[in-house]
Amino acid sequence: MKEAVFTDKAPRPVGPYSQAIVAGDLVFISGQIPIDPRTGKLVEGDFEAQVRRVLENLRAILEAAGLTLDDVVKVTAFLKDPS
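Numbered per my numbering, the sequence shown spans residues 1257 to 1339.
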């Protein structure tokens, strides 16, 4: 059985997909960008500020699924070269 996960503590999806899907014992979280869920705007600032926002979004989605960052086994990160 699959179950969609949604929380207002992370940005709303910008397309027809869920913030995460629970499938059995696994949780698959959709890609996250540094959007502040309160304002809906991209976080201004340096690399650290943007990564912090993404991790806060991930944490909120995990909490909505009953998990924490300690439960994460794998992360794939795509970073843009700032030069």
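Note that beta-carbon positions come from the ideal geometry of N, C-alpha and C, so glycine has one too.
Item, Value
"Do you know whose CA, among V1331, L1323, L1311, lies nearest D1281's CA?", "L1323"
"So what's E1259 in DSSP terms, helix, strand or just coil?", "strand"
"Would you call A1333 buried or exposed, if buried means 16 or more other Cβ atoms sit within 10 Å of its Cβ?", "exposed"
"Is DSSP giving A1276 helix, strand or coil here?", "strand"
"With distances taken from CA atoms, which of V1278, K1258, A1279, G1287 is nearest L1314?", "G1287"
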